[in-house]
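Numbered by mature numbering (1 follows the signal peptide of the UniProt record, and there is no 0), the letters in the sequence shown go through residues -25 to -1, 1 to 552 in order. One structure below.
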Amino acid sequence: MRSGKKITTMLLPTLLCLFGVLLSACGGGSVPGSTGNTNKTKAADSQQVYRWAFRLPDIASFDPGIATDNTSIQAINMAFTGLVQLDDQLNIKPQLAQSYDVSDNGLTYTFHLRPNLKFSDGKKLDANDVAYTLDRSLSPEINDQSGVALTYLGLIKNAPERTTGKVKSVIGTGVIVKDPNTVVIKLTKATAYFLGALTYPTSFIVEKSVIEKYGNKWTDHLADNGGQGGNGPFKVKEYSHNTGIKFVPNPNYYGKQPQLKEVDYLPYKDRQTSYNSYLADQVDITDVPLPQVRQAKSRPDFTQNDALTIFYVGMNYKVKPLNNINIRQALSLALDRDTIVKAAWQGAYTPTCHIIPKGQYGYNPDLKCPAGSDARGDKKKAVELLEKGLKEEGLTRQTFPQITLTYPTQSPEAANEAATEVQMWKSVLGLSIGSTSISQNSLYTAQVQTQGKDGPLQMWLAGWGADFPDPQDWISLQFGQDAPNNAYNYGDNNSSTVATQKDLQKQMLAADVMTDKAARLKTYNKIEQQLVDDVAWLPIYQRPDIRLLKPYVVGLKFSAASIIPPDEWANVYIAQH
């Protein structure tokens, strides 16, 4: 997650890729994305240990206010909760709050907390802790480390000023403690997505006394005092930066207690290693490396489900002649996404022209690729559009400027994708597009640097995963005026269609505040189709979650948001085997 949002890597998929959304139903039986029969005999307590592999040497951060990567967020979701969170159908539900009220003008949210809340060490949790947490996430010290606070909490009164230090606190203005069980949040603008933004870990409640005692190293002490700092269904028993995390049930959790007696969050250097460990019965769940996907699909312990992750080719509108709509459409129509996915990604992913992914509110099944084509492209139309664009720009194929496609060095699959796309542009359009690779982190940085400028990036491979279940996450925060992730410079360029782009940005603002869900859906669908026609992104594929899961792990449900709701852990257990 960079530039204030989660930009996914071009590396192979994480075990459960976020983000954060309306999912296809996941239930019992043999429904894909479910662990199956929930009537199996439960094993003895001594066997109630779930071994969960993740593909990193360590999580990046255990701090809800700082963490922006999926692997860290999965761990955080075990031990921390927020006012509201997503259920297994990706509806927004009260969590620490037992209810909430919204004022008629949409500017005031009043949250009524559950009674007798406690942190995992038994200390009282009340509205003052909520206020402290939100203010801490917006503080310059925390926001400078995460860069995401304003993305999720920026609607709170005085939030921007808090992140810069212009005001010392939002408590008393943007966040008001009415009484120990009631907290009021004041917004500067009414929107339809604020509650969705609150489901992101930035708002998950942390224990002030622990942070004040240990400072920046407080998360290294979550196992102290029998497990402290959190309020989720589990607490931390052990945390090692080398061997992973051991979670045990939190007896002070306000919800139903988990049946599992321990969850071991185990680091592996890569997917192949965790896959081999799974086959050796050393872990209970694993990613599937791409070379093994076809074989794994025939196994009874294989499951997959749509994940809210789209990968695309980004193009900079400030780079000539990429600012020409006909040339952009020609580049899109020259690509056969089905062939790209098969050549680079073992056919494991779903070719798409969508910006809003399948599996969430806002997905449009009737959306068309540019010029009414489909994901396989249209070679003839691509050539026609290129000829038109070249004429408009006073160019020929021979005088076409050198354009470079940038991709991350860590992924051989991304290199294959880039090579396949470059070859298609050459064979279909007769254009020689260059390519280069840089590290993933350098690519993140370059995207930030490209916003508002004609470089350093011209074209690049990137991905996006949902952070909360709303089209605003995909539309306005990508392409809106002054959007934090608009490295494409949509609406900020000298193209002949810039007026249309600016008008569409106004429509985004209107859609963001609509309260009628059906009308809002219709508006976003219209906006997305225009963005696709404009080739604001050049989408390539949607990535599913793909896994092997031991059949004796019962009760787990996997949603498109790839997050297990806190209360769902009560349904998970290890069956006799």
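Note that CB positions come from ideal geometry on N, CA and C, so glycine has one too.
Pick from 73, 278, 360 and 261 that is closest to residue 30, judged by C-alpha positions: Closest option to residue 30, Cα to Cα, is 261.
For residue 390, tell me which candidate among 400, 413 and 370 has the shortest Cα-Cα distance. When each option's Cα is compared against that of residue 390, the closest is 413.
Figure out for me which residue from 351, 154, 127 and 110 has the closest Cα to the Cα of residue 143. Put simply, of 351, 154, 127 and 110 the residue whose alpha carbon is nearest the alpha carbon of residue 143 is 110.
So what's residue 261 in DSSP terms, helix, strand or just coil? strand
Alpha-carbon to alpha-carbon, residue 201 and residue 527: 29 Å
Rounded Cβ spacing between residue 409 and residue 380 (contact assumed at less than 8 Å): 7 Å
List the endpoints of the continuous alpha helix (DSSP H) containing residue 154. DSSP places residue 154 outside any alpha helix (DSSP H); the residue lies instead in the beta strand (DSSP E), whose first and last residues are 150 to 154.
Of all the beta strand (DSSP E) runs that stay within the bounds of the segment 333 to 401, which reach a length of 3 or more residues? 379 to 383
Contact set for residue 552: own chain, Cβ-Cβ below 6 Å, skip 5 residues either direction: Closer than 6 Å at the Cβ level, and outside the excluded window around residue 552, lie 527.
What's the C-alpha gap between residue 544 and residue 280? 19 Å
Determine the contact status of residue 516 and residue 332, defining contact as a CB-CB distance below 8 Å. no
Taking only three categories from DSSP, how would you classify residue 492? helix
Quick one: Cα of residue 374 to Cα of residue 296, how far? 11 Å
When we look at the beta-carbon of residue 154 and count the other beta-carbons within 10 Å, is it buried (16 or more) or exposed? exposed
I'd like the span of the beta strand (DSSP E) that includes residue 219, first residue to last. 219 to 224
Pull up the CB-CB distance for residue 26 and residue 239, whole angstroms please, since I reckon it's below 8 Å. 5 Å
Chain-order list of residues whose beta-carbon lies under 7 Å from that of residue 242 (same chain, five-residue window excluded): 29, 31, 32, 33 and 219
Could you round the C-beta distance between residue 540 and residue 63 to whole angstroms and report it? I think they count as a contact, below 8 Å. 6 Å
Residue 416 classed as buried or exposed, judged by whether at least 16 other C-beta atoms fall within 10 angstroms: Its Cβ having fewer than 16 others within 10 Å, residue 416 is exposed.
Can you tell me where the beta strand (DSSP E) with residue 158 in it begins and where it stops? 157 to 161
Of the listed residues 97, 307, 165 and 90, nearest to residue 511 (C-alpha basis): 307
What number of angstroms, rounded off, separates the C-alpha of residue 387 from the C-alpha of residue 537? 25 Å
Do you know how far the Cα of residue 185 is from the Cα of residue 91? Answer to the nearest angstrom: the Cα atoms are 20 Å apart.
Looking at the structure shown, is residue 499 part of a helix, part of a strand, or coil, going by DSSP? helix
Residue 203: buried (16+ other C-beta within 10 angstroms of its C-beta) or exposed? Looking at its Cβ environment, which holds 16 or more other Cβ atoms inside 10 Å, residue 203 is buried.
Give the secondary structure of residue 465 by DSSP, where H, G and I count as helix, E and B as strand, and everything else as coil. coil
Which residue's Cα is closest to the Cα of residue 313: 303, 498 and 324? 324
According to DSSP, residue 280 sits in a beta bridge with which residue or residues? Looking at the DSSP assignment, residue 280 forms a beta bridge with 520.
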